[in-house]
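Single-structure report; data block below.
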Ligand SMILES: [Zn+2]
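In my numbering, the protein residues as written are 880 to 1190.
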């Protein structure tokens, strides 16, 4: 097994979907493991972190973990009450996430582990736990450099751009790409005819500014929760139509796009249809970008990706 890889432990948005009709893609909520040598970096702590934790405690050698959170909606933290390494002395866990202070981050994480919602509080964790704000500075975790930007999603939500040995991974699990253009279109009638070109220019500028963070990514993991029909009903809810995700990835010259945060209402058949439709759009643009659903259990070997220029 490669020592430098990405592995999907949870790919489902909103809530777990442990249904037989969904098992081809997977039912756990967001959790992605990034392994670089001996460093273990965990992106989000949805229910996918539960089987990851169980696998980690069976491994020899690993006792130190970094958990990087995009935000604190339940689907991104609800695996933590059952994350076994936190309950074992001798383990070390560093949490990172959007917050004003480390104390606020600790508060966000601990609130779901209080009576009457859960019988065990974070104070009973036996691991050495530390909290850090994903602030102005880039994070440097071993050989991994991580920067962040704010996403269009309810509450403060970060996407992370991760540089590992000349390769770039962008993790943007919850993001409404068309938020600005939809907002402009919704107010279009308030503007005169001669102002319409200005609105179009603003939309274009926002589009390019929005994809700047994912530019030239070797692997982009991005929200693609809605079909076009869903999105017409759920504008402003903070998630993307998969067609918008594909178009942005193409414009950003991404090499490998993994559609993420699948709607729990969509079974394997529907998600296969979405994947096929997304791949057709890529072909129509005569692009060589890989475009696949993120699927639980799938591992991307980072050592096999060609090194690219540093940003
Ligand atoms: Zn969310």
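Think of the CB as a built atom: it goes at the ideal place given N, C-alpha and C, for glycine as much as any other residue.
From residue i to residue j, what distance separates their C-alpha atoms?
i, j, result
"residue 977", "residue 1146", "32 Å"
"residue 1162", "residue 961", "42 Å"
"residue 1120", "residue 903", "21 Å"
"residue 1124", "residue 1087", "13 Å"
"residue 930", "residue 1079", "47 Å"
"residue 940", "residue 1110", "45 Å"
"residue 979", "residue 1148", "42 Å"
"residue 991", "residue 965", "15 Å"
"residue 1129", "residue 1151", "20 Å"
"residue 1190", "residue 894", "With a pLDDT of only 46 at residue 1190, under the threshold of 50, the placement of this residue in the model should not be trusted; the figure read from the coordinates follows. Between residue 1190 and residue 894, the C-alpha separation is close to 35 Å."
"residue 900", "residue 1013", "37 Å"
"residue 906", "residue 1141", "9 Å"
"residue 997", "residue 1065", "43 Å"
"residue 919", "residue 943", "7 Å"
"residue 915", "residue 882", "6 Å"
"residue 1144", "residue 1098", "26 Å"
"residue 1002", "residue 889", "26 Å"
"residue 1155", "residue 1122", "11 Å"
"residue 1016", "residue 973", "16 Å"
"residue 1067", "residue 985", "43 Å"
"residue 896", "residue 1025", "30 Å"
"residue 987", "residue 1011", "12 Å"
"residue 971", "residue 938", "15 Å"
"residue 1116", "residue 1061", "12 Å"
"residue 1183", "residue 934", "24 Å"
For residue i, which option in the options has the closest C-alpha, if you only look at C-alpha atoms?
i, options, result
"residue 886", "1139, 983, 991", "1139"
"residue 922", "909, 929, 915", "909"
"residue 968", "1007, 995, 947, 945", "1007"
"residue 945", "1169, 1174, 1186, 1018", "1018"
"residue 1114", "1099, 1057, 1083", "1057"
"residue 1170", "901, 1116, 1103", "1103"
"residue 1153", "895, 1055, 1106", "1106"
"residue 1047", "928, 1067, 1157, 1100", "1100"
"residue 924", "970, 959, 1052, 1175", "959"
"residue 1089", "1112, 1071, 1049", "1049"
"residue 1009", "1052, 889, 1157, 989", "989"
"residue 1205", "1176, 1159, 1174", "As shown, the chain starts at 880 and ends at 1190. That puts residue 1205 outside it, with no answer to give."
"residue 1176", "883, 912, 1027, 1068", "912"
"residue 1131", "1052, 1029, 1095", "1095"
"residue 917", "1061, 1023, 974, 1002", "1023"
"residue 1172", "1181, 1052, 1117", "1052"
"residue 975", "1068, 889, 1020, 1181", "1020"
"residue 1165", "1182, 984, 1126", "1126"
"residue 1028", "986, 934, 1068, 948", "948"
"residue 1118", "957, 1081, 1034, 971", "1034"
Please classify residue i as buried or exposed, where buried requires at least 16 neighbouring CB atoms within 10 angstroms.
i, result
"residue 1134", "buried"
"residue 1076", "exposed"
"residue 1004", "buried"
"residue 1042", "buried"
"residue 898", "exposed"
"residue 1036", "buried"
"residue 1092", "buried"
"residue 892", "buried"
"residue 1137", "buried"
"residue 1054", "buried"
"residue 1039", "buried"
"residue 880", "With a pLDDT of 49 at residue 880, under the threshold of 50, the modelled position of that residue is not reliable, and the figure given next carries that caveat. It is exposed - the Cβ of residue 880 has fewer than 16 other Cβ atoms within 10 Å."
"residue 982", "exposed"
"residue 1070", "exposed"
"residue 1073", "exposed"
"residue 936", "exposed"
"residue 1030", "buried"
"residue 994", "exposed"
"residue 953", "exposed"
"residue 999", "exposed"
Residue i and residue j look like a contact to me (Cβ under 8 Å); what is the Cβ gap, rounded to whole Å?
i, j, result
"residue 955", "residue 1032", "About 11 Å separates the two Cβ atoms, so there is no contact after all."
"residue 1083", "residue 1059", "The Cβ separation is near 11 Å, so there is no contact."
"residue 932", "residue 963", "4 Å"
"residue 884", "residue 1063", "The Cβ separation is near 40 Å, so there is no contact."
"residue 1186", "residue 1045", "4 Å"
- request: Just jot down, in chain order, the residues whose CB lies closer than 5 Å to any heavy atom of ligand 1.
  value: 952, 1053
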